[in-house]
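Asker: Structure incoming, see below.
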Amino acid sequence: MVCASIEGAIAYVSEAFVKREKQKARILRKSPWWKTKCSSGTCYYCKRSIPPSELTMDHIIPLSKGGMSIKSNIAAACKECNDRKKHTLPFKWAEYMESLNQPAEV
Ligand SMILES: [Zn+2]
Numbered sequence: 016m017v018c019a020s021i022e023g024a025i026a027y028v029s030e031a032f033v034k035r036e037k038q039k040a041r042i043l044r045k046s047p048w049w050k051t052k053c054s055s056g057t058c059y060y061c062k063r064s065i066p067p068s069e070l071t072m073d074h075i076i077p078l079s080k081g082g083m084s085i086k087s088n089i090a091a092a093c094k095e096c097n098d099r100k101k102h103t104l105p106f107k108w109a110e111y112m113e114s115l116n117q118p119a120e121v
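Numbering (the working numbering), first residue to last: 16 to 121.
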């Protein structure tokens, strides 16, 4: 089946795709795999210790960019990182990631 109604050339991710992947994410969120992942209590991005109950599910490659709800594309992130990633342009996000890799000297 070929999708006939593509709105503009940039719309390469269909609504149906996002819907399906969101559904998959919902199932994964209930899985023992996710509970184990959260029990580590570490944010995938900033590596800080976060209470498991405060970790959120984040798609490393966002669904809107064609990322899928597969284990290798899902990370446990703190709310701060998740929010930041959502509202930050990709290159700004890369800068933030780099800044995290610098040893934090006090
Ligand atoms: Zn974080």
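C-beta atoms are modelled at their ideal positions from N, C-alpha and C, and glycine is treated no differently. Keep in mind that this is a model prediction, so the values were computed, not measured.
Taking all protein chains shown into account, decide if I65 is buried (16 or more other Cβ within 10 angstroms of its Cβ) or exposed.
Answerer: buried
Asker: Can E69 be considered in contact with ligand 3, in the sense that its beta carbon sits closer than 7 angstroms to one or more heavy atoms?
Answerer: This structure lacks ligand 3; its bound ligands are ligand 1.
Asker: Give the DSSP-derived three-state secondary structure of S29 in the structure shown.
Answerer: coil
Asker: Starting from the C-beta of N88, find all residues in its chain whose C-beta is less than 8 angstroms away, skip the five residues before and the five after it, and write them out in chain order.
Answerer: Non-local beta-carbon contacts of N88 in its own chain, meaning distances under 8 angstroms to residues more than five positions away in sequence, involve H74, I75, I76 and G82 in chain order.
Asker: For E36, count the other beta carbons within 10 Å of its own beta carbon; 16 or more makes it buried, fewer makes it exposed. Which is it?
Answerer: When all chains shown are included, E36 counts as buried.
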